[in-house]
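**Q** If you scroll down you'll find the structure; I have some questions about it.
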Amino acid sequence: MILQALYELAQREQLVDDPDFEPRAIAWLVRVGEGGALQGIAGTHSAPPADERGKKPKPRAKSFVVPRESSRTSGDYAFFLFDKAEYVFGLDPEPDPAKRREPAKLTARAALFRQKVAHCLTATGDPGVAAVARLLDRVAAGEEGVTLPEGCAGNDLFAFVYAPDVDQLVTSRPAVRAWWQEQRREQGSRQEATHRCLVSGRPCAPVDKHPPLKNVPGGSTSGVALISANSNAFESYGWQGNDNAPVSREAAEACSTALNRLLHPAWPHPTEPGTTLPRRNLRLSADTAVCYWTADVAGEGLVSALASLFEANPEQVGEMYRSIWRGRWQGPADPTAFYALTLTGTQGRAVVRDWFEATVTRVAENLAAHFRDLAIVRVTPPPKGKEHPPALHLRTLVRSLAVEGDEKRVPAALATELVQAALAHTAYPLNLMQRAIERARAEIGDSGWLDLERRDARAALIKAVLNRRLRFALNSSPYPEVQPEMDPHNLEEGYLLGRLMAVLERMQQEVLRDVNASVVDRYFAAASATPKAVFPRLLRNFRHHVKKAQDDDKLAGTARHLSGAADRIISGLSKEARDEFDQWLYARNVALATPTRAFPAFLPLEQQGLFILGYHHQRAWFFMPKEERALWRAQHGLDAGPAAQLPAEEAEP
8 MILQALYELA
18 QREQLVDDPD
28 FEPRAIAWLV
38 RVGEGGALQG
48 IAGTHSAPPA
58 DERGKKPKPR
68 AKSFVVPRES
78 SRTSGDYAFF
88 LFDKAEYVFG
98 LDPEPDPAKR
108 REPAKLTARA
118 ALFRQKVAHC
128 LTATGDPGVA
138 AVARLLDRVA
148 AGEEGVTLPE
158 GCAGNDLFAF
168 VYAPDVDQLV
178 TSRPAVRAWW
188 QEQRREQGSR
198 QEATHRCLVS
208 GRPCAPVDKH
218 PPLKNVPGGS
228 TSGVALISAN
238 SNAFESYGWQ
248 GNDNAPVSRE
258 AAEACSTALN
268 RLLHPAWPHP
278 TEPGTTLPRR
288 NLRLSADTAV
298 CYWTADVAGE
308 GLVSALASLF
318 EANPEQVGEM
328 YRSIWRGRWQ
338 GPADPTAFYA
348 LTLTGTQGRA
358 VVRDWFEATV
368 TRVAENLAAH
378 FRDLAIVRVT
388 PPPKGKEHPP
398 ALHLRTLVRS
408 LAVEGDEKRV
418 PAALATELVQ
428 AALAHTAYPL
438 NLMQRAIERA
448 RAEIGDSGWL
458 DLERRDARAA
468 LIKAVLNRRL
478 RFALNSSPYP
488 EVQPEMDPHN
498 LEEGYLLGRL
508 MAVLERMQQE
518 VLRDVNASVV
528 DRYFAAASAT
538 PKAVFPRLLR
548 NFRHHVKKAQ
558 DDDKLAGTAR
568 HLSGAADRII
578 SGLSKEARDE
588 FDQWLYARNV
598 ALATPTRAFP
608 AFLPLEQQGL
618 FILGYHHQRA
628 WFFMPKEERA
638 LWRAQHGLDA
648 GPAAQLPAEE
658 AEP
C-alpha cells in the first residue's frame with residue numbers, strides 16, 4: 008500500500024512525466040566557451056530563511072533537471088555530464104592531504120566520466136558536448152588547470168553550461184536529451200519481463216536496485232534504500248536479490264521520486280519552472296521525519312497547513328485551520344484519504360517507523376483533540392511586544408525531553424509515537440510522561456527563558472498523557488481530568504503536594520529573596536517521589552519564614568495569605584491530615600516529633616505527574632493578573648460570598 012500510494016502521488020503531481028530525467032541539487036556550474044575554454048565555476052547556493060529560533064540554516068544548492076542515473080555502490084561509476092569533482096576533474100576537495108584518494112583512483116574515475124561524454128559526442132556531434140569534451144581532455148592532459156571553488160565539499164555535484172546557452176545545462180540541449188532517452192530505452196528493452204510488478208500490476212523485469220532516497224534524516228548523504236535485499240536470508244526458494252518483491256523500473260523510479268519529493272524542503276515544480284512544490288514533511292528528531300500527503304488534490308488544504316500547525320506558525324495557517332489549535336475542528340467533512348509515512352535513516356537503508364492512513368476529516372478532528380490535550384497555562388513570559396504562539400511547537404515538546412534541550416538525545420521512537428498519537432488519537436506512550444518527569448526534576452532550578460519554555464512543554468505533555476490514559480482506561484487508579492489552569496477542586500495527593508511545594512517556594516522567595524539554593528532546587532525531586540521524607544522538614548522551615556514575615560509590616564499580608572494557602576492545601580489531603588496538622592500548629596513551639604502521617608511515603612508515577620502539574624499550576628496562578636483571576640474565580644464557582652469565605656489560596660494577598 009505504501010508503494011502504491013507513492014506511485015499514485017508521482018502520477019498526480021506529474022513527477023515522472025519525463026522519467027529519464029530528475030531534479031538534483033547542483034552546487035557548482037562550470038561555464039564552458041567555444042573550443043572548450045573554461046570561463047569560470049559559479050556556485051548556486053542560496054540561504055533558506057531562518058528557523059523558529061532565529062538560527063540560519065546552511066546555504067542550499069539549487070536543483071536542476073539532469074539525466075536519471077542508477078545509484079552508485081562500491082564500484083566506480085560516472086554520471087552523465089554531472090558528478091562530483093573527483094569524477095569530473097579528477098580532483099579530491101578533501102583539505103587533508105592524508106585523507107585524499109590516490110591519484111591513480113582519481114585518474115581512473117575522471118576517465119570514466121570523459122568516456123561517457125565522448126560516447127554522446129560521437130552519436131550527436133552536439134557543439135555543447137564538444138566544448139565540454141575538449142575542456143576535459145585539456146584538463147586530463149595538464150593543459151588546463153582547474154582550481155576547485157572555496158567551500159567545495161566532497162559530495163557537491165558539478166554540471167556544465169555551454170556559454171551560448173546562457174543558463175541552460177548542456178544536458179538540456181535537445182540532441183543530448185534525445186540521446187540519453189535512447190540509451191535508457193535500449194537498456195530497458197534488453198531485459199525480459201519475467202515477473203508482475205507489485206505496484207502497477209503489469210509484467211516487468213524487476214529492478215536490481217531501487218533508486219536511493221535523499222534527505223532522510225540520519226541517512227548517508229549518498230542516499231539510502233527503502234527496499235533492498237542484501238543477504239542470503241532473502242534468497243530462499245530460488246529467489247535472488249529483489250525477486251521476492253518484484254517492482255518495475257518505471258514504478259521504482261516513480262516511488263523513489265515521490266518519496267524524495269516528500270522529503271525535500273523545496274522540490275522544484277515539474278511544470279512551473281522557478282517555483283517549488285509545497286512542503287510535505289515534518290522533522291521529528293535528529294534522525295526521523297514524517298512525510299504526509301493525500302490521495303487527491305481535494306485534501307490539500309489540511310496537508311498544506313499541517314507543518315505550520317505542529318510548528319505553531321499562525322502566519323502560515325488560514326483561519327479555518329486555526330480552529331484546530333483551539334481544540335475543535337470547524338471545517339467541512341472531507342473523505343479524502345490521508346497518508347503519513349515516518350522514516351528513520353541509517354547508513355544503509357531507511358527504516359519505516361510508522362505508516363498511517365485515515366481521512367482528512369478524521370485527521371483534523373484528531374489534531375484538534377491533540378492540541379486540546381496539550382493546552383496548558385504558560386509560565387514562560389511571552390516575547391517582548393508579542394503574544395504566546397497559539398500552541399507549543401513540536402520541536403519544543405521534543406527538546407523538553409532532552410538533556411539541555413538537545414533533541415539529538417531524544418530517542419526517535421518517542422517523537423514518532425507522539426505524532427502517531429496526535430494523528431490517530433490514541434493514548435500517548437507512558438514513557439513520554441516518565442521522561443518528562445525525569446527532565447522536570449533535573450532542570451527544575453533553571454530559570455532562563457528557554458528553560459521556562461521547556462517547563463511549559465513538559466507540563467503540557469504530562470497533562471496530555473494523564474488525560475488520555477484516563478479516557479482510554481489505562482490509568483492505574485482514578486483521578487480527575489487535569490485542566491489547563493489550576494483546579495481548586497482537584498484533591499489528588501500528588502496535585503495538592505505539588506501546589507504546596509509552590510507555596511513553600513513562594514514564601515521562601517518573599518522572605519529570603521535570592522538564595523544560592525532554593526527549597527525547590529534542593530528538595531523538588533525527593534518531594535515529588537517520597538513526600539513523607541521531605542515535607543515535614545519543609546513545613547518546619549516554612550513556619551519559621553511565616554513567623555519572620557509576620558514581624559515585617561510589608562510582608563504580613565503575604566505571610567497570612569501563604570500560610571492560609573498551605574493550611575488549606577494540607578486540609579485537602581485527608582481529615583486525619585487536617586487534624587494532625589492543626590495539632591502540630593498549636594504545639595509547634597514544643598519539642599514534638601514532626602507529624603508524618605499527613606504525607607504518603609511515596610507517589611506512583613501518575614501521582615508524580617500530578618505533582619509537577621500542581622506545582623506548575625500554582626506557580627502560574629501566583630503571577631496571574633487580577634483580571635484573569637476574577638475570570639478564573641467565576642469559571643470555578645468561587646464568586647459567591649465574601650472574600651474571607653474563599654479558599655485562602657484563591658483570596659488576594
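Residues 8 to 660 in our numbering are what the sequence shown lists, from first letter to last. For each residue, glycine too, the CB sits at the ideal point set by N, CA and C.
Cα separation between ARG661 and GLY352?
**A** Shown here, the chain extends from 8 to 660; a query on residue 661 therefore has no answer.
**Q** Comparing C-alpha positions only, which one of ARG448, SER330, GLN490 and PHE87 sits nearest to GLU372?
**A** Minimum Cα distance to GLU372 is reached at SER330.
**Q** Can you have a look at PHE317 and say buried or exposed, based on whether 16 or more other CB atoms are within 10 angstroms of its CB?
**A** buried
**Q** Assuming contact is defined by CB atoms lying nearer than 8 Å, are VAL95 and PRO30 in contact in what I supplied?
**A** no
**Q** On the CB-based measure, 16 or more other CB atoms within 10 Å of its CB, does ASP25 come out buried or exposed?
**A** It is exposed - the Cβ of ASP25 has fewer than 16 other Cβ atoms within 10 Å.
**Q** Starting from the N-terminal side, write out each stretch of the alpha helix (DSSP H) that is 4 residues or longer and does not extend beyond the segment 94 to 161.
**A** 110 to 131 and 134 to 147
**Q** Check HIS496 in the structure and name its three-state DSSP category.
**A** In the structure shown, HIS496 sits in coil (DSSP, three-state: anything other than H, G, I, E or B).
**Q** Using DSSP's beta-bridge definition, name the partner residues of LEU350.
**A** In DSSP, LEU350 forms a bridge with ALA296 and VAL359.
**Q** Looking at the structure shown, is PHE378 part of a helix, part of a strand, or coil, going by DSSP?
**A** DSSP places PHE378 in helix when its eight states are reduced to three.
**Q** Out of VAL553, CYS298, ARG575 and GLU424, which has the shortest C-alpha to C-alpha gap to THR565?
**A** The closest CA to that of THR565, considering only VAL553, CYS298, ARG575 and GLU424, is found on VAL553.
**Q** Quick check on GLY281: does DSSP put it in helix, strand or coil?
**A** Taken through DSSP and simplified to helix, strand or coil, GLY281 comes out as coil.
**Q** So which of ASP144, HIS52, ALA344 and ARG356 has the shortest CA-CA distance to LYS65?
**A** HIS52
**Q** What does DSSP give as the partner residues of VAL472 in its beta bridges?
**A** Looking at the DSSP output, VAL472 bridges to nothing.
**Q** Sort ALA258, LEU399 and GLU109 by Cα distance to ILE9 and report the nearest one.
**A** ALA258
**Q** In three-state terms, what does DSSP make of TYR84?
**A** coil
**Q** May I have the straight-line CA-CA distance separating LEU350 from ARG360, to the nearest angstrom?
**A** So the two alpha carbons sit approximately 6 Å from each other.
**Q** Can you list, in chain order, the residues of its chain whose CB lies under 7 Å from that of SER78, leaving out five sequence neighbours each side?
**A** LYS216, PRO218, PRO219 and GLY230
**Q** Just to confirm the assignment: which complete beta strand (DSSP E) runs, minimum length 3, are found wholly within the segment 212 to 274?
**A** none
**Q** Find out if the Cβ-Cβ distance for the pair LYS91, ILE33 is shorter than 8 Å.
**A** With respect to ILE33, LYS91 sits apart: the two C-beta atoms are not nearer than 8 Å.
**Q** When the Cα of HIS643 is compared with those of ASP558, PRO495 and GLY571, which residue comes out closest?
**A** PRO495
**Q** With H, G and I counted as helix, E and B as strand and the rest as coil, what does DSSP make of ALA641?
**A** DSSP, read as helix, strand or coil, puts ALA641 in helix.
**Q** For the segment 471 to 485 and the segment 513 to 523, state whether three or more C-beta atom pairs, one from each stretch, are separated by less than 8 Å.
**A** no
**Q** For ALA166, list the residues DSSP reports as bridge partners.
**A** Its beta-bridge partners are LEU36 and PHE89.
**Q** What residue from ALA232, ALA111, PHE363 and SER535 has the CA that sits closest to LEU430's CA?
**A** PHE363
**Q** Rounding to the nearest angstrom, what Cα-Cα distance links SER578 and GLY571 in this structure?
**A** 10 Å
**Q** Identify the residues that DSSP records as bridge partners of SER53: which are they?
**A** ARG67
**Q** For the 8 Å Cβ check, are there 3 or more pairs between the segment 135 to 149 and the segment 118 to 126?
**A** yes
**Q** Rounded to the nearest angstrom, what separates ARG385 and ASP463 at their Cα positions?
**A** 6 Å
**Q** Does the beta-carbon distance from ALA312 to VAL324 come in below 8 Å?
**A** yes
**Q** Taking GLU76 as the reference, which of ARG67, PHE86 and ILE469 has the closest Cα?
**A** PHE86
**Q** Start and end of the alpha helix (DSSP H) containing SER525?
**A** That residue, SER525, is in no alpha helix (DSSP H); it is neither H nor E in DSSP.
**Q** So what does DSSP say about ASN288, is it helix, strand or coil?
**A** Three-state DSSP puts ASN288 in a strand.
**Q** From the DSSP output, read off the bridge partner residues of VAL73.
**A** GLU29
**Q** Going by other Cβ atoms of all chains shown within 10 Å of its Cβ, with 16 needed for buried, is GLN427 buried or exposed?
**A** With 16 or more other Cβ atoms within 10 Å, it is buried.
**Q** In chain order, what residues of the same chain have a beta carbon less than 6 Å from the beta carbon of HIS271, not counting five sequence neighbours either side?
**A** ASN222
**Q** State yes or no: is the C-beta of VAL1 within less than 8 Å of the C-beta of GLU193?
**A** With the chain represented from 8 up to 660, any question about residue 1 goes unanswered, as that position is not in the structure.
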